Amino acid sequence: NAGVTQTPKFQVLKTGQSMTLQCAQDMNHNSMYWYRQDPGMGLRLIYYSASEGTTDKGEVPNGYNVSRLNKREFSLRLESAAPSQTSVYFCASTDRSTQYFGPGTRLTVL
Amino acid sequence: AQSVTQPDIHITVSEGASLELRCNYSYGATPYLFWYVQSPGQGLQLLLKYFSGDTLVQGIKGFEAEFKRSQSSFNLRKPSVHWSDAAEYFCAVASGVWIKAAGNKLTFGGGTRVLVKP
């Protein structure tokens, strides 16, 4: 039982490049989330998926898109990366009451 | 809208001393409250949570937290700090009512970084 896994762990992009962050959970959770973490700001919700087939915007969705591929997988895409998207990205899933987090992806946009 | 405030950005404590981290929340109904810990370069680990019932909640690693509705607070405490407790701590609040369509979104405080002196 791996919990929530994320790939890659680290990534460096140039401005304008695109990439997809992958997230998978093996806990049979319905809901999944993407957050970004910036110093002094805690974690802010980018997008979430309450159940398979649905996605919705969180607090800071601009510049991102998501895909709920199936119940296990929830990906986050940056179509044209900007330096302001330099951050640590966390995926989480929930059993209706408690969220469980992946190890994070550290992204740097030059 | 719900919000969480952690007034202390940094706290330095001596090993063996007690620790208290403050958390104040704003939420109209009964909240779910959480404390998470993040060690350097790691993800977030759940320390404890409060849903209902006894307002003093015990968690892992010797931590406890007390829910005080009148003060809208959920402060985290540990009687005797170990060097391994050096980390960043996040308080979070979620809706106390499960809304299937909207999911159960967490709102986080800005975090408190704890440094432990030998």
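Line order of the protein sequences matches chains G and D. Letter by letter, the first sequence follows residues 131 to 240 in our numbering. Letter by letter, the second sequence follows residues 305 to 422 in our numbering. C-beta: ideal position from N, C-alpha, C; glycine also. Please read these numbers as outputs of a predicted model, since none were measured by experiment.
- With 16 or more neighbouring CB atoms inside 10 Å of its own CB, residue 411(D) falls in the buried class.
- Each residue's CA atom was taken as its position, placing residue 234(G) and residue 366(D) some 26 Å apart.
- Neighbourhood of residue 233(G) in chain D, by CB distance below 8 Å: 346 and 347, in chain order.
- Residue 231(G) and residue 368(D) have their C-alpha atoms roughly 21 Å apart.
- Boundaries cannot be given for residue 327(D), as no beta strand (DSSP E) includes it and DSSP labels it neither H nor E.
- Per the DSSP secondary-structure output, residue 382(D) pairs in a beta bridge with 323(D).
- Per the DSSP secondary-structure output, residue 389(D) pairs with nothing in a beta bridge.
- A distance of 8 Å or more separates the beta carbons of residue 418(D) and residue 329(D).
- The bridge partners DSSP lists for residue 222(G) are 163(G) and 231(G).
- Our two residues, residue 133(G) and residue 374(D), have alpha carbons roughly 37 Å apart in a direct line.
- The CB of residue 135(G) never comes closer than 8 Å to any CB in chain D; the least such distance is about 11 Å.
- Legend: CB atoms of the segment 186-203 of chain G lying less than 9 Å from CB atoms of chain D belong to residues 186, 188 and 189.
- The DSSP-derived three-state label of residue 174(G) is strand.
- Taking the C-beta atoms as reference points, residue 322(D) is found no nearer than 8 Å to residue 422(D).
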